[in-house]
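Enquirer:
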Amino acid sequence: RPEIEKFISDNKMTSDEVSKSYSKFYEYLKEKNKFDNNEKTALSGHEPFLIMNCGYADVVYRETEEVIKRRKKAEFVKRLNRNSIVRDMTIKKASFENFNAGTDEEKRALAFAKEVSEYYYTGGEGNTVVSGPAGTGKSHLAMSILKDCLQHTDLTVIFASWSEVLHLIKDSFDNKDSFYSTEYFMEVFRNTDLLVID
Numbered sequence: 290r291p292e293i294e295k296f297i298s299d300n301k302m303t304s305d306e307v308s309k310s311y312s313k314f315y316e317y318l319k320e321k322n323k324f325d326n327n328e329k330t331a332l333s334g335h336e337p338f339l340i341m342n343c344g345y346a347d348v349v350y351r352e353t354e355e356v357i358k359r360r361k362k363a364e365f366v367k368r369l370n371r372n373s374i375v376r377d378m379t380i381k382k383a384s385f386e387n388f389n390a391g392t393d394e395e396k397r398a399l400a401f402a403k404e405v406s407e408y409y410y411t412g413g414e415g416n417t418v419v420s421g422p423a424g425t426g427k428s429h430l431a432m433s434i435l436k437d438c439l440q441h442t443d444l445t446v447i448f449a450s451w452s453e454v455l456h457l458i459k460d461s462f463d464n465k466d467s468f469y470s471t472e473y474f475m476e477v478f479r480n481t482d483l484l485v486i487d
């Protein structure tokens, strides 16, 4: 196989080193074939590569860009859930997919929220103010915007329930062990690309 020949040539392998490497060459070819054909490999989402290791060939598996991107997104969502200050825990599960758009007004609100998300994840700057009566889905759509932005970019995002932020700051006055000081929130909010204040 040309890639095996090239590897042997590039590494100036002796016939003894080549014979010690037969099983690793076989493993590489088998796993590379599976990887190229989108079949399940020894390490899912990792591409096999040949390296020299102590005088013979060895196979290492490197994460693909897709796996790295997926892992990063999962970390961002985890950080969003960890750093957000949310009173209503159902909001953490909010997404565009589970927004109930039964009326024309709710459908328009959903379409608007998707436009806002696209505006921010394509580099838009500035503020968006959403207002309306309680229970119309503003918080749900705001969290959905953050999650949608995370699907498209590496922005840092936080959702903060303002009443909960004030409660935590007030509590920090009497509780010296609390790190939820005004300075803490100012630092977090200043260093966030996209901030929702609910």
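At position 192 of the sequence shown (counting the first as 1) the number is 481 in the numbering used here, and the numbers step up by one without a gap. We put the CB at the ideal spot given by N, CA and C, even for glycine. Source: prediction; values computed, not measured.
Below 8 Å on the Cβ atoms is my contact criterion, and I expect H429 with F388 to pass it. Report the Cβ-Cβ distance as a whole number of Å.
Expert: 6 Å between Cβ atoms; contact.
Enquirer: What is the DSSP secondary structure of L444, counted as helix, strand or coil?
Expert: Reduced to three states, the DSSP call for L444 is coil.
Enquirer: So V348 is in the beta strand (DSSP E); what residue range does that whole segment cover?
Expert: Here the beta strand (DSSP E) through V348 covers 345-352.
Enquirer: DSSP state of M432, grouped into three classes?
Expert: In this structure, M432 counts as helix in the three-state DSSP scheme.
Enquirer: What does a CB cutoff of less than 7 Å around T433 pick up in its chain, not counting 5 residues either side in sequence?
Expert: For the sequence presented, residue 433 should be read as Ser rather than Thr. Cβ within range, chain order: A383, S384, F385, F388, A402.
Enquirer: Check V375 in the structure and name its three-state DSSP category.
Expert: Coil at V375, not helix or strand.
Enquirer: Does the segment 312-326 come into contact with the segment 341-351, if we say contact requires no fewer than three beta-carbon pairs (one atom in each stretch) closer than 8 Å?
Expert: Yes, the segment 312-326 touches the segment 341-351.
Enquirer: Roughly how far, in whole angstroms, is the beta-carbon of L435 from the beta-carbon of F448, given that I think they are within contact range, below 8 Å?
Expert: About 6 Å; that satisfies the 8 Å criterion.
Enquirer: To the nearest angstrom, report how far apart G412 and L444 are at their CA atoms.
Expert: So the alpha carbons of these two residues sit roughly 10 Å apart.
Enquirer: If you measure between the beta carbons of M341 and N300, is that distance less than 9 Å?
Expert: Their beta carbons are under 9 Å apart, which means M341 touches N300 by this criterion.
Enquirer: Apply the 10 Å Cβ neighbour rule to I357 and answer buried if 16 or more other Cβ atoms are within range, or exposed otherwise.
Expert: Flag for I357 reads exposed.
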